[in-house]
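Report on one structure; see the data block that follows.
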Amino acid sequence: MSDTDLGTLDAAKLVELYEAGKASPLEATRAALERIERFNDTVKAYVYVDREGAEKAARASARRWGQGKPLSPIDGVPVSLKDLTEVAGMPAREGSLTASGALCEDDAPPARMLREAGAVILGKTNTPEFGWKGVTDNRVFGATCNPWDTRLTSGGSSGGAAVAAALNMGVLHQGGDSGGSIRIPAGFCGVFGFKPTFGWTPQWPPAKEPTLSHIGPLTRTVRDAASMLNVIGRYDYRDPYAVRGQPEDWAVDLDCDLRGLRIAYSPDLGYAEVAPEIAARVREAAQKLESLGAEVEEVHPGFTSPIDTYRKHWFTASLEVWSQCDERQRQLLDPGLVANARHAENWSALALFRAQADRARLAERLEHFNQSYHLLMTPTLPIEPFEINHEVPPGSGMRDWEEWAPFSYPFNLSQQPAASVPCGFTDSGLPVGFQLAGGKYDDIRVLRACHAFLEAYPARFPTVPDPAQYS
Numbered sequence: 120m121s122d123t124d125l126g127t128l129d130a131a132k133l134v135e136l137y138e139a140g141k142a143s144p145l146e147a148t149r150a151a152l153e154r155i156e157r158f159n160d161t162v163k164a165y166v167y168v169d170r171e172g173a174e175k176a177a178r179a180s181a182r183r184w185g186q187g188k189p190l191s192p193i194d195g196v197p198v199s200l201k202d203l204t205e206v207a208g209m210p211a212r213e214g215s216l217t218a219s220g221a222l223c224e225d226d227a228p229p230a231r232m233l234r235e236a237g238a239v240i241l242g243k244t245n246t247p248e249f250g251w252k253g254v255t256d257n258r259v260f261g262a263t264c265n266p267w268d269t270r271l272t273s274g275g276s277s278g279g280a281a282v283a284a285a286l287n288m289g290v291l292h293q294g295g296d297s298g299g300s301i302r303i304p305a306g307f308c309g310v311f312g313f314k315p316t317f318g319w320t321p322q323w324p325p326a327k328e329p330t331l332s333h334i335g336p337l338t339r340t341v342r343d344a345a346s347m348l349n350v351i352g353r354y355d356y357r358d359p360y361a362v363r364g365q366p367e368d369w370a371v372d373l374d375c376d377l378r379g380l381r382i383a384y385s386p387d388l389g390y391a392e393v394a395p396e397i398a399a400r401v402r403e404a405a406q407k408l409e410s411l412g413a414e415v416e417e418v419h420p421g422f423t424s425p426i427d428t429y430r431k432h433w434f435t436a437s438l439e440v441w442s443q444c445d446e447r448q449r450q451l452l453d454p455g456l457v458a459n460a461r462h463a464e465n466w467s468a469l470a471l472f473r474a475q476a477d478r479a480r481l482a483e484r485l486e487h488f489n490q491s492y493h494l495l496m497t498p499t500l501p502i503e504p505f506e507i508n509h510e511v512p513p514g515s516g517m518r519d520w521e522e523w524a525p526f527s528y529p530f531n532l533s534q535q536p537a538a539s540v541p542c543g544f545t546d547s548g549l550p551v552g553f554q555l556a557g558g559k560y561d562d563i564r565v566l567r568a569c570h571a572f573l574e575a576y577p578a579r580f581p582t583v584p585d586p587a588q589y590s
């Protein structure tokens with residue numbers, strides 16, 4: 120098998136080849152590195168690549184497979200980590216000119232767990248400054264392009280990871296999601312992205328708003344995501360919010376059918392405006408889920424937009440970042456982050472306390488809703504990807520990303536599991552995704568439904584990041 124062929128495979132297929140002795144982790148790693156070299160100047164998915172370290176880890180993995188002693192089912196699989204995640208021996212610039220660029224001394228939990236499982240860490244993927252917004256650009260590394268049309272945004276904040284997944288620049292990719300940062304780029308780039316129940320995938324150091332942030336995978340298949348979660352979805356004492364009780368095997372129900380599964384389908388949550396083409400693709404996906412055996416009912420969960428509640432939490436986190444900077448550093452920050460921080464200066468402690476109470480009521484409402492329905496289905500996003508280097512669609516009159524991503528952040532406030540699943544394309548050839556959210560700790564059911572859909576209706580991926588190819 121050629122390196123070109125190896126570079127297109129998912130983790131499950133790679134491991135089959137390792138077991139049969141038909142390919143080696145070193146070959147697969149070099150194939151991934153070759154794809155990074157070919158594509159990265161165009162899309163800017165990676166901000167740091169450790170070729171020497173990756174090849175060294177791949178050689179060690181090849182020896183283990185040769186001896187029949189792999190460390191885990193993803194031993195030798197090429198992976199990436201988001202640049203907000205610390206990896207020993209690599210910088211963590213976090214997309215910020217205020218960061219030193221010094222090499223990290225310790226592995227954050229996802230990096231440690233992946234390394235201990237024998238996965239080959241290729242490098243770090245791009246993020247906006249401190250992950251603060253729904254697109255991926257920053258003053259350090261520039262903007263990450265959409266792989267389907269490089270004139271457009273990849274979404275964010277895990278845009279680098281989503282683009283790397285779409286182009287198979289590595290196979291398993293770690294993202295983080297505090298308001299949609301896994302699901303937004305997954306939707307814009309046409310890959311699978313999953314935000315597990317809060318606390319089941321540990322992180323350290325804490326995120327800027329640690330009670331909103333979830334670590335999770337961006338991959339081409341649900342099975343690969345589950346394989347990654349079998350490694351990173353484990354308790355780590357360093358995370359003060361980590362909880363126990365994770366599934367022994369995150370893939371346990373992937374091969375179950377959808378009979379008996381009750382899915383509430385809400386086209387707009389009762390308050391969002393959705394582009395007609397996207398609404399049509401998601402409605403078709405709902406019908407396809409029904410044809411697979413699920414019971415699908417169009418119904419709204421019964422809450423109003425929680426954008427103000429979310430902003431009280433999110434903008435206050437920006438204010439904390441800004442308050443810790445000296446005057447020189449404040450001049451280096453993303454102006455949008457600064458604007459949000461200065462907006463939060465006007466809020467009282469009582470306003471924030473009330474926002475926390477509103478958050479609790481939203482979580483209670485959604486958990487109550489999940490007593491009647493196993494899953495809630497919505498569009499992932501209401502719009503197509505828009506022009507790169509803009510925080511909102513040009514000419515829209517919007518000021519912030521939460522206005523064009525109304526479906527994602529409610530499930531960060533509620534801390535529930537949620538996924539973005541590719542379900543087709545607009546007439547202009549851009550990906551559309553639907554979101555499935557479940558009750559807390561019901562991650563297995565979310566993964567089961569996502570897998571059933573993608574097995575029946577496989578996603579299509581770009582071969583090269585060339586807008587002319589798809590126009």
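Per this note's numbering, the sequence shown runs over residues 120 to 590.
Don't be surprised by glycine CBs; every beta carbon is placed ideally from N, CA and C.
As the structure is a computational prediction, the values presented were derived from the model and not from experiment.
The C-beta separation of L133 from V196 comes to about 6 Å, placing the pair in contact by the 8 Å criterion. Within the DSSP bridge table, the entry for G294 names G335 as partners. Under the Cβ criterion (8 Å, minimum of three pairs), the segment 411 to 427 does not count as touching the segment 441 to 457. Cβ neighbours of N489 within its own chain (closer than 6 Å, five residues either side excluded): G558. In this structure, DSSP gives Y167 an extended state, which the three-state scheme calls strand. The beta carbon of F317 is closer than 6 Å to those of H333 and Q534 in its chain, skipping five residues each way along the sequence. The Cβ atoms of G335 and E521 lie no closer than 8 Å to each other. Residues A394 and W523 of the same chain have their beta carbon placed closer than 6 Å to that of I502, with the five preceding and five following residues left out of the count. The alpha carbon of A556 has as its nearest neighbour, out of F307, M288 and A383, the alpha carbon of A383. Excluding the 5 residues flanking it on each side, N265 has same chain C-beta neighbours closer than 7 Å at L271, T272, S273, F307, C308 and P504, in chain order. Of the candidates E153, D368 and G294, G294 places its Cα closest to the Cα of T338.
Non-local C-beta neighbours of A227 in its own chain, meaning closer than 6 Å and more than five positions away in sequence, comprise T204, E205 and W323, ordered along the chain. For the pair of segments examined, the segment 470 to 490 was found not to touch the segment 228 to 246: the number of CB pairs separated by less than 8 Å stays below three. Across the set D358, A207, S199 and L145, the C-alpha of L145 shows the shortest separation from the C-alpha of R183.
Each residue's CA atom was taken as its position, placing L125 and M288 some 11 Å apart. Nearest to A468 by C-alpha distance, out of P529, D387 and T435, is T435. The residues F422, in chain order, have a CB closer than 6 Å to that of R484 in the same chain once the five nearest residues on each side in sequence are set aside. Around the C-beta of M517, fewer than 16 other C-beta atoms lie within 10 Å, and the residue is accordingly described as exposed.
Excluding sequence positions up to five before and after G312, its CB lies within less than 6 Å of the CB of I301, R302, A305, L337 and S539, all in the same chain and listed in chain order. Taking all protein chains shown into account, T148 has 16 or more neighbouring C-beta atoms within 10 Å of its C-beta and is therefore buried. Distances from the alpha-carbon of P210 to those of S515, I193, N508 and T244 put T244 closest. Its chain contains V341, R342 and L373 as the residues whose beta carbon lies nearer than 7 Å to that of H570, once the 5 sequence neighbours on both sides are disregarded; these appear in chain order. DSSP, read as helix, strand or coil, puts K314 in strand.
About 6 Å separates the Cβ atoms of D225 and A207, confirming a contact at the 8 Å cut-off. For K243, the three-state secondary structure derived from DSSP is strand. Taking 8 Å as the cut-off, the beta carbon of S385 is found closer than this to the beta carbon of M496. Judged by DSSP in its simplified three-state form, K431 adopts helix. The C-alpha of Q554 is placed about 9 Å away from the C-alpha of V401. A470 counts as exposed, since fewer than 16 other beta carbons sit within 10 angstroms of its beta carbon. Between E409 and A575, the alpha-carbon positions lie close to 12 Å from each other. In this model, L438 and E414 are separated by some 45 Å (Cα to Cα). Contact annotation: G242 and Y560 have beta-carbon atoms that are not nearer than 8 Å.
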